[in-house]
Amino acid sequence: AQSVTQLGSHVSVSEGALVLLRCNYSSSVPPYLFWYVQYPNQGLQLLLKYTSAATLVKGINGFEAEFKKSETSFHLTKPSAHMSDAAEYFCAVSEGSGYSTLTFGKGTMLLVSP
Amino acid sequence: AAGVIQSPRHLIKEKRETATLKCYPIPRHDTVYWYQQGPGQDPQFLISFYEKMQSDKGSIPDRFSAQQFSDYHSELNMSSLELGDSALYFCASSAPGQGGAIAGYTFGSGTRLTVV
Chain A
2 AQSVTQLGSH VSVSEGALVL LRCNYSSSVP PYLFWYVQYP NQGLQLLLKY
52 TSAATLVKGI NGFEAEFKKS ETSFHLTKPS AHMSDAAEYF CAVSEGSGYS
102 TLTFGKGTML LVSP
Chain B
-14 AAGVIQSPRH LIKEKRETAT LKCYPIPRHD TVYWYQQGPG QDPQFLISFY
36 EKMQSDKGSI PDRFSAQQFS DYHSELNMSS LELGDSALYF CASSAPGQGG
86 AIAGYTFGSG TRLTVV
């Protein structure tokens, strides 16, 4: 069975600081990994995805994530936080077959202070 | 670009009532997924349909049913509503051949159901 663990339900950074949101996965097969962002009262927007190509994945809004098989991790980073980055971030895993579903982590709320 | 459309955006029902949520996928998308997100929770997979047939089933209660119609829109029917059914219900769709989750399918904005 697949699962995702996001470390820290809340992460606070100052504007301009590095953003690091942690995600560790468990999967019985090579995983496909995703990061989604959710703004208040809105749907889930895909930030980036890892589907077994390059281990360093670049997404929208300056975010990127690195797949590290040895650490079973897929941490999300952004060099410089912006106020508009304040939202909830979900890491998700899929076993990648056909029309398989997503298993989400519990989410991390990113708070950005001026 | 067209997105996944869900209706209604908000719905308030009383306990033991029924509710129907609708999802209109992106044109030419043939697969629909339903997720439930409780307050402060992560989204949980309920059920999915591919070409109008149920393709996968998650933690959907027996009180709920869903189907996909010939125009590919989907409806989630919820009966004997309970307070614990209050949640944000998301629909997502994916295109043929894109392997569903691998493509990072597109989510709608959700229907917020409140049961009182």
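Top to bottom, those sequences are chains A and B. The working numbering numbers the first residue of the first sequence as 2 and each following residue consecutively. The working numbering numbers the first residue of the second sequence as -14 and each following residue consecutively. In this text, a Cβ means the ideal position worked out from N, Cα and C, and glycines have one as well.
Closer than 7 Å, Cβ to Cβ, to anything on chain B: give me those residues from the segment 34 to 62 of chain A, in chain order. For the segment 34 to 62 of chain A, which is checked against every Cβ of chain B, the residues closer than 7 Å are F35, Q43, G44, L45, L47, K50, T52.
Where N109 of chain B sits in the DSSP three-state scheme: Given that chain B is displayed from residue -14 to residue 101, the structure contains no residue 109 of chain B and the question cannot be resolved.
Check whether the Cβ atoms of P28 of chain B and Y20 of chain B lie closer than 7 Å to each other. For P28 of chain B and Y20 of chain B, yes; Cβs fall inside 7 Å.
Between the segment 63 to 82 of chain A and the segment 32 to 39 of chain A, do three or more beta carbon pairs fall short of 8 Å? In short, these stretches touch, since the Cβ pair count reaches three.
Could you tell me how far apart the beta carbons of E60 of chain B and K7 of chain B are, in whole angstroms, since I believe they sit closer than 8 Å? Between K7 of chain B and E60 of chain B the Cβ distance is about 5 Å, and since that is below 8 Å, they are a contact.
D28 of chain B at chain A interface by Cβ criterion, 7 Å: Looking at the sequence provided, one finds Pro at residue 28 of chain B rather than Asp. With 7 Å as the cut-off, P28 of chain B counts as an interface residue toward chain A.
Taking only beta-carbon positions, decide if S78 of chain B is within less than 7 Å of chain A. Not closer than 7 Å to any Cβ of chain A, the Cβ of S78 of chain B fails to qualify, so no.
Minimum Cβ-Cβ distance from F92 of chain B to chain A less than 7 Å: True, the Cβ-Cβ gap to chain A drops below 7 Å.
With which residues is F67 of chain A paired in a DSSP beta bridge? One point to set straight first is that residue 67 of chain A is Glu, not Phe, in the sequence displayed. Its beta-bridge partners are A:L57, A:H76.
Pull up the distance between the alpha-carbon of Q53 of chain B and that of H11 of chain A, whole angstroms please. Just so you know, the alpha carbons of Q53 of chain B and H11 of chain A end up roughly 38 Å apart.
What ranges does the beta strand (DSSP E) occupy inside the segment 24 to 54 of chain B, keeping only unbroken runs of at least 3 residues that lie completely in it? Complete beta strand (DSSP E) runs here, min 3: 29 to 35, 38 to 42, 49 to 53.
Taking the CB atoms as reference points, tell me whether A88 of chain A and Y40 of chain A lie closer together than 7 Å. Against a cut-off of 7 Å, the Cβ pair of Y40 of chain A and A88 of chain A comes out as a contact.
Terminal residues of the continuous beta strand (DSSP E) containing H83 of chain A? For H83 of chain A, no beta strand (DSSP E) run applies, since DSSP gives it neither H nor E.
Quick check: L73 of chain B and Q22 of chain B, are their CB atoms within less than 7 Å of each other? Yes, the Cβ-Cβ distance between L73 of chain B and Q22 of chain B is below 7 Å.
Test: G95 of chain B CB closer than 7 Å to a CB of chain A: Chain A has a Cβ within less than 7 Å of the Cβ of G95 of chain B.
Whole angstroms are fine: how far does the CA of G25 of chain B sit from the CA of I(-10) of chain B? Looking at the two C-alpha atoms, the distance is approximately 23 Å.
Based on the DSSP secondary-structure assignment, which residues constitute the bridge partners of R97 of chain B? Checking the DSSP bridge columns, you'll see R97 of chain B partnered with B:H(-5), B:L73.
Compute the Euclidean distance between the alpha carbons of P12 of chain B and K42 of chain B, then round it to the nearest angstrom. Roughly 24 Å between the two C-alpha positions.
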